[in-house]
Amino acid sequence: MAIGLNHYLILGAIVFSLGLYTVLTRRNAISVLMGVELILNSANINYVAFAHYSSGGVDGQIYAIFVIMLAAAEAAVGLAIVLAIFQLFHTIDVGAVETLKE
Amino acid sequence: MELAAVIFYLVAAVTVGSAAMVAFSRNIIYSAFSLLGAFAGVAGIYVFLGADFVAAVQVLIYVGGILVLILFAVMLTHRITDVKITNRAAGRIPGLVIVAVLLALLVQTIRETPWAKAKQIVYTPTSAKIGDMFLQDYLLPFELASLVLLAALIGAVVLARKEIRE
């Protein structure tokens, strides 16, 4: 059976599920961010797969590049927030940090 | 089975295995380094899909940038001695059930939907086309992207700096 669109979509779905599981269950803020990165990667797999198999153009790849760019911005700001929270509360457990100020 | 399929399944196995390590590992350092395998595997998938430029961007930004950033954050926020217990997870069973149901639903949908098919599947270099489209059809988002990155840069510096109190 030749590799087709469905293989890539199912791979994307599996990576998305693992990312969602990470986001749902982790208590550590950095692990939650890792899960978000996995979810973004799975979305990118779908974009590029559809660009290749369904449209034949490069529009999907351009969207994937934009998503990668936004993921970089999100990671930078998110991790800066995590560092600030760590300085303030000396923990990054998302359950323990529930106030917006000291 | 032809060679291409074997390589695809290998790359997919690396991706899924690394992603599973990220999701299930008890040690956050292992999770962070497994992310390397997941990102590299996804880059390999892009190569399979004929997206050479996106694969290069993936390696440069994800592996070279985001992963290093995450590793820095891990090292800066953990007392290395008690790193073993720092990757706690809560609600494993409900999470697993939700995710399993969602995955079954997704796979069912993927198999049953008649996706559009391109007239022909081509493997050509994409960098020139992507560059043209960035400066023609996608010029406004492209310029906005630079603004977003600038804002993220300044925001990250402001958030992460040490506050000096009077």
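Going line by line, the protein sequences match chains A and B. Per my numbering, residue 1 is the first one in the first sequence, and the count goes up by one each step. Per my numbering, residue 1 is the first one in the second sequence, and the count goes up by one each step. By construction, the Cβ of each residue, glycine as well, lies at the ideal position given by its N, Cα and C atoms. Computed from a predicted model, the values in this text were never measured in an experiment.
- Interface criterion not met: the Cβ of A/T99 is under 9 Å from no Cβ in chain B.
- Interface annotation, B/G37: not in contact with chain A, CB-CB separation never under 9 Å.
- Distance from A/L38 to A/T22 at the Cβ level is roughly 6 Å; contact confirmed, criterion being Cβ atoms closer than 8 Å.
- Just so you know, the alpha carbons of A/F66 and B/V42 end up roughly 16 Å apart.
- Pairing A/A80 with B/A160, the inter-Cα distance amounts to about 5 Å.
- The Cβ atoms of A/I62 and B/I130 lie closer than 9 Å to each other.
- A Cβ-Cβ distance of about 20 Å is found for the pair A/L33 and A/A64, leaving them out of contact under the 8 Å criterion.
- Assigned with DSSP and collapsed to three states, B/N27 falls in coil, not helix or strand.
- Spatial neighbours of B/T15 in its own chain (CB-CB distance under 7 Å, excluding positions within 5 residues in sequence) are listed in chain order as A38, G41, V42, I45.
- For B/A56, the enclosing alpha helix (DSSP H) starts and ends at 52-57.
- No Cβ of chain A is located within less than 9 Å of the beta carbon of B/L3.
- Straight-line spacing of the CA atoms in A/I92 and A/G35 works out to 16 Å.
- Secondary structure at B/D137: coil, using DSSP grouped into helix, strand and coil.
- Short of 6 Å from the beta carbon of A/A51, and not among the five residues preceding or following it, lie these beta carbons of its own chain, in chain order: G60, Q61.
- Taking a Cβ-Cβ threshold of 8 Å, the residues of chain A close to B/R92 are T25, in chain order.
- For A/A84, the closest alpha carbon among the candidates A/L18, A/I45, A/Y53, A/I30 is that of A/I30.
- Interface with chain A (9 Å Cβ-Cβ cutoff): B/Q58 is included.
- Counting along the chain, A/D59 sits inside the alpha helix (DSSP H) bounded by residues 59-89.
- Between B/A12 and A/L40 a beta carbon distance of about 18 Å is seen, past the 8 Å cut, so the two are scored as non-contacting.
- Proximity of B/V107 to chain A, defined by a Cβ-Cβ separation below 9 Å, is satisfied.
- Considering only beta carbons, the part of the stretch 52-67 of chain A lying closer than 7 Å to chain B consists of H52, Y53, S54, S55, G56, V58, Q61, I62, A64, I65, F66, in chain order.
- Annotation for B/Y138: no residue places its beta carbon closer than 6 Å to its own, counting only its chain and skipping 5 residues before and after.
- One finds nothing in chain A with a Cβ atom closer than 8 Å to the Cβ of B/G44; even the nearest lies about 11 Å away.
- Rounded to the nearest angstrom, the Cβ distance from B/A5 to A/I3 is 5 Å, consistent with a contact under 8 Å.
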